[in-house]
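Asks: Sharing a structure with you now.
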Amino acid sequence: MKLIDSDKECKECGECVRVCPLSEVDSDFIVYKIFFEEQNGLNFWERCCSCFLCEENCPYNLSPREEIFSKRRESQDLEVPKTIDTYYKKIMEIGFAFNINEDINDIRSELDLPKLALRRIKKEINQIIHKK
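This is the structure we're talking about:
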């Protein structure tokens with residue numbers, strides 16, 4: 324499928340969706356949609372957590388990041404989307420944009436990744452946020 328204003332083509336292979344942490348918890352968040360769909364009102368791209376794994380893993384060297392940031396710049400004059408405000412409040416409250424619990428370490432173990440010291444991380448983030 325031809326991209327909006329581009330000579331590149333997205334094959335909708337789903338690699339961006341496969342590596343996206345948000346797609347893991349929100350099945351409606353399909354990264355490559357940013358190239359094809361005009362959005363109205365609250366847009367799905369406002370929920371992007373800016374990890375850029377989609378761009379790093381795209382086998383066609385496409386940049387969802389550029390498109391997402393472009394959309395964000397276009398909407399700067401709009402009021403802060405509720406989702407962004409929610410993420411900000413979560414970060415201030417617990418140090419993460421999403422609820423993080425010990426289940427994440429189970430997933431990390433399955434992927435042969437080291438466990439996270441969640442209590443220590445939350446404490447350090449809290450100290451940074453509140454400058455204690």
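Going left to right, the sequence shown walks through residues 324 to 455 as my numbering numbers them. We put the CB at the ideal spot given by N, CA and C, even for glycine. Here the structure is a predicted model, which is why all the values come from computation and not from measurement.
How big is the Cα-Cα spacing for K394 and S373?
Replies: 13 Å
Asks: Where does E390 land, buried or exposed, given buried means 16+ other C-beta within 10 angstroms?
Replies: E390 comes out buried.
Asks: If we call anything under 8 Å between Cβ atoms a contact, is V354 one with C336?
Replies: no
Asks: Determine the burial state of P387: buried for a count of at least 16 other Cβ atoms within 10 Å of its Cβ, exposed for fewer.
Replies: buried
Asks: By the 10 Å Cβ neighbour count, where 16 or more other Cβ atoms means buried, how is I357 classified, buried or exposed?
Replies: buried
Asks: Whole angstroms are fine: how far does the CA of L434 sit from the CA of R442?
Replies: 21 Å
Asks: Would you report the Cα separation of R341 and I423, rounded to the nearest angstrom?
Replies: If I take the Cα positions, the gap works out to 20 Å.
Asks: In or out: L385 buried (at least 16 other Cβ within 10 Å) or exposed?
Replies: buried
Asks: Taking the continuous alpha helix (DSSP H) assigned at V348, which residues delimit it?
Replies: P344 to V348
Asks: Of the choices P382, I430 and E378, whose alpha-carbon is the least far from that of E347?
Replies: Of the candidates P382, I430 and E378, I430 places its Cα closest to the Cα of E347.
Asks: Rounded to whole angstroms, how far is the Cβ of C333 from the Cβ of C377, which I believe are closer than 8 Å?
Replies: So it is not a contact: roughly 11 Å between Cβ atoms.
Asks: Please state whether the Cβ-Cβ distance between K438 and N428 is less than 8 Å.
Replies: yes
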